[in-house]
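> So that we are looking at the same thing, I have put the structure below in structure tokens.
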Amino acid sequence: MRREGLDFRVLPEGGRESVELGLRYVNNDACYPAMVVVGQFLKALRSGEFDPETTDCFYAQTGGACRASNYVPLLRRALDAAGFSRTRILAANAQGNAGAEKFAMKGGTLWRAMLGMLYGDLLMRLLYRTRPYELNKGDSDKLYGAWTEKCRLNVERGSWGRFKADVSGMVGDFADIPIDPAPKPRVGIVGEILVKYHDNANEHLVDVIESEGGEAVVSDIANFLLYCLYDPVYAREKLSGPLLPKLFGIAGIGILERMRRPMRLALRGTRFGEPHDIRDMLGTVGDTVSPANQAGEGWLLSAEMMRLMDDGIRNIICIQPFACLPNHITGKGVMKELRRVYRGANILALDYDSGVSNVNQINRIKLLMASAVA
Ligand code: SF4
């Protein structure tokens with residue numbers, strides 16, 4: 000984005016204060032992620048760091064078939080009510096929401112954003128697989144920081160050759176960190192996209208798992224993009240959807256999976272494991288849920304749980320915002336079936352909300368960890 004001449008900033012996660020602020024301007028019937036993000040924007044605008052007249056709020060959300068379609072109007076309303084009516088919203092989704100300007104990414108920016116996403120996925124995988132086992136405290140975080148800086152440089156340059164060299168370099172570096180090989184319980188985290196990756200919104204779930212003696216396994220964010228790209232393919236094949244979006248979806252999936260190939264090659268045969276191809280995930284999920292489940296995280300949520308268990312990870316925490324209907328169907332709704340198919344599955348459903356008790360959440364995680372198998 001900066002390379003395009005935009006003064007682009009990623010907002011800090013904001014802490015409890017952001018959630019409280021979001022709650023003041025968004026009805027608490029709305030989804031928890033909406034409150035979190037609205038609160039982050041309002042906190043930043045109120046800080047005095049940004050001129051509300053010349054600052055835009057870039058909202059990278061999907062505008063999906065559930066209440067996600069309301070996120071932009073909710074933010075618009077909150078901005079107006081808080082006195083920021085001249086602050087524009089830039090929506091990076093295909094919906095063309097009322098109250099937002101459409102933000103079209105240039106090809107080069109999209110390419111660099113994809114590289115950034117893949118670097119992030121790989122770094123997350125390597126960090127979470129190494130940190131709980133490291134012999135010298137802090138080794139993994141230090142290496143993670145150093146590699147993040149290197150990756151940042153190449154995201155700006157957008158070099159494919161450099162990307163390929165970097166992925167094998169970082170896998171090698173993390174593999175060299177001295178570790179204690181004694182196994183620990185591995186706990187997969189699946190769920191709604193914001194609470195899954197937003198450390199503050201999920202009350203630092205990865206840290207809680209690690210402090211309880213486990214290892215967190217979080218799947219790649221690229222899976223979510225691939226899942227969204229499949230929507231128009233299914234719509235064309237089963238629901239008489241238009242042809243062009245289907246072709247775009249197929250091409251997008253092909254390109255992104257090709258871009259993940261160097262990561263797979265670098266990870267193959269290591270203890271870090273490699274990402275699953277979305278087409279394989281799709282191929283096996285149909286026995287449990289229909290790929291027609293496209294709201295929220297839809298069929299991907301079930302597919303990720305199945306892949307985790309195929310990889311031997313039987314402890315899973317499925318997190319979703321309270322009252323998130325689509326994810327309760329494909330998350331909680333399939334657990335009975337998963338427990339039948341995968342014997343010994345240890346699955347916990349956790350709901351997140353602005354009013355949820357942190358102590359209660361931690362106690363339930365501790366309970367899961369007490370029966371978790373390494
Ligand atoms: S996926 Fe769930 S939390 Fe997200 S907008 Fe839809 S209903 Fe709300």
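Quick note on numbering that gives the first Met the number 0: the sequence shown kicks off at 0 and runs consecutively. Virtual Cβ for every residue (Gly too), placed ideally from N, Cα, C. Please read all numbers here as calculations on a predicted model, not as lab measurements.
Based on the DSSP output, what are the partners of isoleucine 208 in its beta bridges?
The partner list for isoleucine 208 (beta bridge, DSSP) is empty, contrary to what the question assumes.
> On the criterion of 16 or more Cβ atoms from any shown chain inside 10 Å, does histidine 203 qualify as buried, or is it exposed?
When all chains shown are included, histidine 203 counts as exposed.
> What do you get for threonine 53, buried or exposed, if any count of 16 or more other CB atoms within 10 angstroms of its CB means buried?
Result: exposed.
> Quick check on this structure: which residue in Asn345, Glu48, Arg15, Arg23 has the alpha carbon closest to the alpha carbon of arginine 76?
Of Asn345, Glu48, Arg15, Arg23, the residue nearest in Cα terms is Arg23.
> By DSSP's criteria, arginine 260 is part of a beta bridge. Which residues make up the other side?
Answer is none; arginine 260 lacks a bridge partner.
> Is the separation between the beta-carbon of phenylalanine 321 and that of valine 358 shorter than 9 Å?
Their beta carbons are not under 9 Å apart, which means phenylalanine 321 does not touch valine 358 by this criterion.
> Classify lysine 183 as helix, strand or coil using the three-state DSSP reduction.
Lysine 183: coil per DSSP, three-state reduction.
> Compare the Cα-Cα distances from isoleucine 220 to each of Lys245, Ser239, Val194, Asp55 and report the closest residue.
Taking only the C-alpha atoms, the option nearest isoleucine 220 is Val194.
> Just checking, does the stretch 146-165 make contact with the stretch 282-297 on the three C-beta pairs under 8 Å criterion?
The stretch 146-165 vs the stretch 282-297: no contact.
> Skipping 5 residues on each side, what residues in its chain have a beta carbon closer than 6 Å to that of leucine 44?
Hits under 6 Å: Pro51, Phe83.
> Based on Cα-Cα distance, which residue from Arg313, Gln319, Glu209 lies nearest to proline 131?
Of the listed residues, the one whose Cα sits closest to proline 131 is Glu209.
> Based on DSSP bridge pairs, tell me the residues matched to proline 320.
According to DSSP, which records beta bridges pairwise, proline 320 is partnered with Tyr351.
> State the CB to CB distance for the pair glutamine 319 and glutamate 191, rounded to an integer number of angstroms; the pair is presumed to be in contact (CB under 8 Å).
That pair is a contact at about 5 Å.
> Given 8 Å as the limit, tell me if glutamine 319 has its C-beta closer than that to any heavy atom belonging to ligand 1.
Yes, ligand 1 has a heavy atom inside 8 Å of this Cβ.
> Quick test of your reading: proline 274 and arginine 259, contact by CB under 8 Å. State the CB separation rounded to the nearest angstrom.
Proline 274 to arginine 259, Cβ: 6 Å. Contact.
> Would you kindly work out how many angstroms separate the C-alpha atoms of serine 301 and valine 333, rounded to a whole number?
So the two alpha carbons sit approximately 7 Å from each other.
> So what's valine 9 in DSSP terms, helix, strand or just coil?
Valine 9: coil per DSSP, three-state reduction.
> If I measure Cβ to Cβ from valine 25 and keep anything under 7 Å in the same chain, skipping five residues before and after, which residues do I get?
Excluding residues within five positions, the ones whose Cβ falls inside 7 Å are Ala33, Met34, Val37, Leu73, Ala77.
> Would the stretch 240-250 count as touching the stretch 138-152 if we require 3 or more Cβ pairs under 8 Å?
Cβ pair count under 8 Å is below three, so no.
> As an exercise, report each continuous alpha helix (DSSP H) stretch of at least 4 residues that is fully enclosed by the stretch 23-102, in chain order.
For the stretch 23-102, whole alpha helix (DSSP H) runs of length 4 or above, ordered along the chain, are 31-45, 70-80.
> Given isoleucine 361, which residues of its chain have a CB within under 7 Å of its CB, disregarding the five upstream and five downstream residues?
For isoleucine 361, where only same-chain residues beyond five positions count, the Cβ hits under 7 Å are Val207.
> Once DSSP output is grouped into helix, strand and coil, what is the label at valine 154?
In this structure, valine 154 counts as helix in the three-state DSSP scheme.
> The beta strand (DSSP E) with valine 372 in it runs from where to where?
From DSSP, valine 372 is part of no beta strand (DSSP E); its letter is neither H nor E.
> If we call anything under 9 Å between Cβ atoms a contact, is alanine 344 one with arginine 313?
Closer than 9 Å, so yes.
> Using only the alpha-carbon positions, how far apart do valine 170 and arginine 85 sit?
Roughly 46 Å separates the two Cα atoms.
> Can you give me the start and stop residues for the beta strand (DSSP E) that alanine 215 sits inside?
214-217 is the span of the beta strand (DSSP E), which, as asked, contains alanine 215.
> Tell me the rounded alpha-carbon separation between aspartate 6 and arginine 363.
Taking the straight line joining both Cα atoms gives about 42 Å.
> By DSSP, does glutamate 202 sit in helix, in strand, or in coil?
DSSP places glutamate 202 in coil when its eight states are reduced to three.
> Is tyrosine 196 near ligand 1, judged by its Cβ being under 8 Å from some heavy atom?
False, no ligand heavy atom lies under 8 Å from that Cβ.
> Can you tell me whether threonine 283 is buried or exposed? The criterion is at least 16 other CB atoms within 10 Å of its CB, across all chains shown.
Per the 10 Å Cβ criterion, exposed.
> Going straight from the alpha carbon of glycine 330 to that of isoleucine 188, what length do you get?
Spanning the two alpha carbons is a distance of roughly 12 Å.
> Does the beta-carbon distance from alanine 64 to proline 325 come in below 9 Å?
For alanine 64 and proline 325, yes; Cβs fall inside 9 Å.
> Roughly how many whole angstroms lie between the Cα atoms of tryptophan 298 and glycine 47?
If I take the Cα positions, the gap works out to 42 Å.
> Within 8 Å: the Cβ of proline 11 and any heavy atom of ligand 1?
Every heavy atom of ligand 1 is 8 Å or more from the Cβ of proline 11, so no.
> Assuming the contact rule is C-beta atoms closer than 8 Å, methionine 368 and leucine 337 should be a hit. Round their C-beta distance to whole Å, please.
The Cβ separation is near 19 Å, so there is no contact.
> With a threshold of 16 other CB atoms inside 10 Å of the CB of isoleucine 346, please say whether the residue is buried or exposed.
Classification for isoleucine 346: buried.
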